[in-house]
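S.K.:
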DNA sequence: GTAAATTGTGTCCAGTGGACACTGTGTATG
DNA sequence: CATACACAGTGTCCACTGGACACAATTTAC
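Chains as they are written, first to last, in our numbering: chain Y, 1 to 247; chain A, 1 to 247.
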């Protein structure tokens, strides 16, 4: 699955492809195709997105799409960029990095909730487009003067986006621990094995009042806080951390 | 993708299917098929697993597999159970919940590293098999006397397994923030847009000495610790005196 | 001994991503 | 202006996917 043609895709995403002058006018555009595909995926899931289907929606032939997009992998890359949208500006958010990152997370998961196929689409190693990079950039900036190293800042951003990815909507679980499933037939099976899984059984019976997403985010934020406070001695004002401009 | 036949799969995973007496002896078995599929996936990725391929590996026809497994979704469910293996016994681990959960996480990610296709396979809502449930059970037990509610305990387990899922190996990223990609062509593209992505550019230049997995796990554990200490008005066992006053 | 249940096979199908040759269509250059 | 070249969209073909279904062979229960 290693994107062998990543270079081409990268150029496409970052607008590094010279528009041709010679031939007939293109009747479609990459973003138009991407938007169509996103619409399909939003409504019917990523599985419904096929070259045929997207082309059909645009009243074109399947093969015509290959003039704009190298293959399905590239189409999906375009879809992601299209879906993730313009990154937010957190400069206006009052408060320290906590508030900014929380806001960022909230905006991100609103976006992801609007496109429930994103977790499946972002499976595996990928290349970031400019918009996705913009999201990361915004989050990194929130952590600028915290005393964390650049690598740590990136790790925090990864941690949070990963958490949002994992807690996609209420329906999506990934780890198979979705409490929603506890209501159904699984409960009776679990009850039959109550001796072997007492803790799980107890958890399955507990009411689902907890927002697992906010809970996890709060834990992460606290964990990062702890590290930052540990790093910054109380008497030294911020700014001379020295890790910010590493070579 | 909603597993409409989940009931059947659930019965299969939990061994609730009466073995037939009438017909010819089955030449294969569900776990044998699962093991074969796991072997293929380990070596060549989940994409290489097809009914044809698995059957061929066993010198049988593709359709014969459908006598054991309702479809590909069910095959993958079996694969997951087969791959995840027997849950650990954390009773012997010395220390409090921190040590136990850390050990648990370590064992889990060793397992997942052995089967790099697991993140892709566990995408979406699923049903747990007995082994997977056993892993969850083990983790929940570590959190038994911590003062967390059952729902919170489950949330913590989900948080951690999700984190492990997201940090699968070094190659897998999902969020597109894999530092490994920074070494290649992406760097030059990013450098061209240095004005727009200064923080990301800085992070991309920083050496990758940080183990993102341990880093994240430590943050999560700390975040959970903070909540537990906040809940239990006991003496703090030698921790830093930082009081959690974040919102 | 025979009927019922079950296994594995062969055949068929719609749908998938994609290669490739082809016909148009437009622009840049002679 | 004429023409050659570069490009757009189409039609055809291919290997492969998951799966439905009818069928023969095999075993056990009655």
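Ideal Cβ positions, reconstructed from N, Cα and C, are used throughout, including at glycine. Since the model is a prediction, treat every value here as computed from it, not as a measurement.
Can you find the residues in the same chain that come closer than 7 Å, C-beta to C-beta, to residue 157/A, ignoring five residues on each side of it along the sequence?
M.R.: In the second chain, residue 157/A corresponds to position 157, counting from 1. Here the set comprises 136, 139, 140.
S.K.: From what residue to what residue does the alpha helix (DSSP H) around residue 61/Y run?
M.R.: Locating residue 61/Y in the first chain gives position 61, where the first residue counts as 1. First-last for residue 61/Y: undefined, no H or E at that position.
S.K.: To the nearest angstrom, how far is it from the Cα of residue 227/A to the Cα of residue 164/Y?
M.R.: Residue 227/A sits at position 227 when you count from the first residue of the second chain. Residue 164/Y sits at position 164 when you count from the first residue of the first chain. So the alpha carbons of these two residues sit roughly 20 Å apart.
S.K.: Pick helix, strand or coil for residue 166/A, following the three-state DSSP scheme.
M.R.: Taking the second chain and counting its residues from 1, one reaches residue 166/A at position 166. Residue 166/A falls in the helix class under three-state DSSP.
S.K.: Answer yes or no: do residue 50/Y and residue 101/Y have a C-beta to C-beta separation smaller than 9 Å?
M.R.: As a first step, residue 50/Y is located in the first chain; it is residue number 50 there, counting from the start. As a first step, residue 101/Y is located in the first chain; it is residue number 101 there, counting from the start. Not a contact, by the Cβ cut-off of 9 Å.
S.K.: Taking only runs that begin and end inside the stretch 66 to 137 of chain Y, name each unbroken alpha helix (DSSP H) of 4 or more residues, in chain order.
M.R.: The stretch 66 to 137 of chain Y contains these whole alpha helix (DSSP H) runs: 72 to 84, 97 to 114, 118 to 121.
S.K.: Can you tell me whether residue 231/Y is helix, strand or coil according to DSSP?
M.R.: Taking the first chain and counting its residues from 1, the one referred to as residue 231/Y is at position 231. Residue 231/Y: helix per DSSP, three-state reduction.
S.K.: What do you get for residue 15/A, buried or exposed, if any count of 16 or more other CB atoms within 10 angstroms of its CB means buried?
M.R.: On the second chain, residue 15/A is found 15 positions in, with the first residue counted as 1. Exposed, by the Cβ-count rule.
S.K.: On the premise that residue 159/A lies in contact with residue 219/Y, defined as a C-beta separation below 8 Å, what is that separation, rounded to the nearest angstrom?
M.R.: As a working mapping, residue 219/Y is identified with position 219 in the first chain. As a working mapping, residue 159/A is identified with position 159 in the second chain. Sure, about 6 Å apart at Cβ, within 8 Å.
S.K.: Using 8 Å for Cβ pairs, my map puts residue 151/Y next to residue 208/A. What's the rounded Cβ distance?
M.R.: Indexing the first chain from 1 puts residue 151/Y at position 151. Indexing the second chain from 1 puts residue 208/A at position 208. Residue 151/Y to residue 208/A, Cβ: 7 Å. Contact.
S.K.: Is the beta carbon of residue 80/A closer than 9 Å to that of residue 114/A?
M.R.: One-based indexing of the second chain puts residue 114/A at position 114. One-based indexing of the second chain puts residue 80/A at position 80. Not a contact, by the Cβ cut-off of 9 Å.
S.K.: Rounded to whole angstroms, what's the CA-CA distance from residue 250/A to residue 96/Y? Just pull it up for me.
M.R.: With chain A covering only 1 through 247, there is no way to say anything about residue 250/A.
S.K.: Taking 9 Å as the threshold (beta carbon to beta carbon), is residue 96/A in contact with chain Y?
M.R.: As a first step, residue 96/A must be located in the second chain, where it is residue number 96. No, residue 96/A lies away from the interface with chain Y (no Cβ there is under 9 Å from its Cβ).
S.K.: Find the residues of chain Y that neighbour residue 220/A, judging by a C-beta separation of less than 7 Å, and give them in chain order.
M.R.: Residue 220/A sits at position 220 when you count from the first residue of the second chain. By Cβ distance, chain Y contributes 219, 220, 223.
S.K.: Just verifying my parser: in three-state terms, what is the DSSP assignment at residue 46/Y?
M.R.: Residue numbering aside, residue 46/Y sits at position 46 when the first chain is read from its first letter. Note: residue 46/Y maps to helix in three-state DSSP.
S.K.: Does chain A have any CB closer than 9 Å to the CB of residue 144/Y?
M.R.: Working through the first chain from its first residue, we reach residue 144/Y at position 144. Cβ-Cβ to chain A under 9 Å: yes for residue 144/Y.
S.K.: Check the Cβ of residue 99/A against every Cβ in chain Y and list those closer than 8 Å, keeping chain order.
M.R.: Position 99 of the second chain, counted from the start, is the residue given in the question as residue 99/A. Ordered by position in chain Y, no residue passes the 8 Å Cβ test against residue 99/A, which lies about 17 Å from the chain.
S.K.: Report the CB separation of residue 10/Y from residue 203/A in whole angstroms; it is logged as a contact under 8 Å.
M.R.: If you number the first chain from 1, residue 10/Y lands on position 10. If you number the second chain from 1, residue 203/A lands on position 203. With a Cβ gap of about 18 Å, residue 10/Y and residue 203/A do not count as contacting.
S.K.: For the alpha helix (DSSP H) containing residue 6/A, name the first residue and the last one.
M.R.: Along the second chain, one-based indexing puts residue 6/A at 6. Start and end: 6 to 13.
S.K.: How about residue 162/A and residue 39/Y: are their beta carbons less than 9 Å apart?
M.R.: The sequence position of residue 162/A within the second chain is 162, counting from 1. The sequence position of residue 39/Y within the first chain is 39, counting from 1. No, they are not a contact pair.
S.K.: Determine, for residue 172/Y, whether the minimum Cβ-Cβ distance to residues of chain A falls below 9 Å.
M.R.: By one-based count along the first chain, residue 172/Y stands at place 172. Per-residue confidence for residue 172/Y stands at a pLDDT of 44, beneath the threshold of 50, marking its modelled position as unreliable; no derived number is given.
S.K.: Give me the Cβ distance between residue 65/A and residue 78/A, rounded to the nearest whole Å; I'm assuming they're in contact under 8 Å.
M.R.: As a working note, residue 65/A is residue 65 in the second chain. As a working note, residue 78/A is residue 78 in the second chain. Wrong, their Cβ atoms sit about 11 Å apart, outside the cutoff.
S.K.: Cβ closer than 7 Å: which chain Y residues qualify as neighbours of residue 216/A?
M.R.: Position 216 of the second chain, counted from the first residue, corresponds to residue 216/A. Ordered by position in chain Y, the residues that pass the 7 Å Cβ test against residue 216/A are 155, 159.
S.K.: Who are the near neighbours of residue 88/Y in its chain, counting only those whose CB is closer than 7 Å to its CB and skipping five residues on each side?
M.R.: Walking along the first chain from the start, residue 88/Y turns up at place 88. Here the set comprises 104, 107, 138.
S.K.: Which chain Y residues are close to residue 228/A, counting only those with a beta carbon under 7 Å from its beta carbon?
M.R.: For the purposes of this step, residue 228/A is taken as the residue at position 228 of the second chain. Going along chain Y, no residue has its Cβ under 7 Å from residue 228/A, so there is no contact; the nearest lies around 11 Å.
S.K.: Helix, strand or coil for residue 196/Y? Go by DSSP, reduced to three states.
M.R.: Sequence index remark: in the first chain, residue 196/Y carries index 196 (1-based). Coil.
S.K.: With a cut-off of 8 Å on the beta carbons, I'd call residue 12/Y and residue 37/Y a contact; round off their distance for me.
M.R.: Numbered from 1 along the first chain, position 12 holds the residue referred to as residue 12/Y. Numbered from 1 along the first chain, position 37 holds the residue referred to as residue 37/Y. So it is not a contact: roughly 14 Å between Cβ atoms.
S.K.: Express the C-alpha separation of residue 124/Y and residue 121/A in angstroms, rounding to a whole number.
M.R.: As a position in the second chain, residue 121/A is number 121, starting the count at 1. As a position in the first chain, residue 124/Y is number 124, starting the count at 1. In a straight line, the C-alpha of residue 121/A is about 12 Å away from that of residue 124/Y.
S.K.: Taking residue 60/A as the query, report the chain Y residues whose CB atoms sit under 8 Å from its CB, ordered along the chain.
M.R.: If you number the second chain from 1, residue 60/A lands on position 60. In chain order: nothing, as chain Y lies at least about 27 Å away.
S.K.: Compare the C-alpha of residue 128/A against each of 43/A, 184/A, 85/A and name the closest.
M.R.: Sequence index remark: in the second chain, residue 128/A carries index 128 (1-based). Of the listed residues, the one whose Cα sits closest to residue 128/A is 85/A.
S.K.: From residue 248/Y to residue 224/Y, what distance separates their C-alpha atoms?
M.R.: Chain Y is shown only over 1 to 247; residue 248/Y falls outside these bounds and no answer can be derived.
S.K.: Quick check on residue 199/A - is its C-beta less than 9 Å from some C-beta in chain Y?
M.R.: Here residue 199/A refers to the residue found at position 199 of the second chain. Yes, residue 199/A lies at the interface with chain Y (some Cβ there is under 9 Å from its Cβ).
S.K.: Just to make sure I have the definition right: I need the residues of chain Y whose C-beta is within less than 8 Å of the C-beta of residue 208/A. Which are they?
M.R.: If you number the second chain from 1, residue 208/A lands on position 208. The answer, in chain order, is 151.
S.K.: Kindly indicate which residue of 111/A, 191/A, 118/A has the alpha-carbon position closest to the one of residue 133/Y.
M.R.: Here residue 133/Y refers to the residue found at position 133 when the first chain is read from its first residue. Considering only alpha carbons, the answer is 191/A.
S.K.: Report yes or no: is there a C-beta of chain Y within less than 9 Å of the C-beta of residue 205/A?
M.R.: The sequence position of residue 205/A within the second chain is 205, counting from 1. Closer than 9 Å to some Cβ of chain Y, the Cβ of residue 205/A qualifies, so yes.
S.K.: Exposed or buried, which one is residue 119/Y when buried takes at least 16 other CB atoms within 10 Å?
M.R.: For the purposes of this step, residue 119/Y is taken as residue 119 along the first chain, with counting starting at 1. Label assigned to residue 119/Y: buried.
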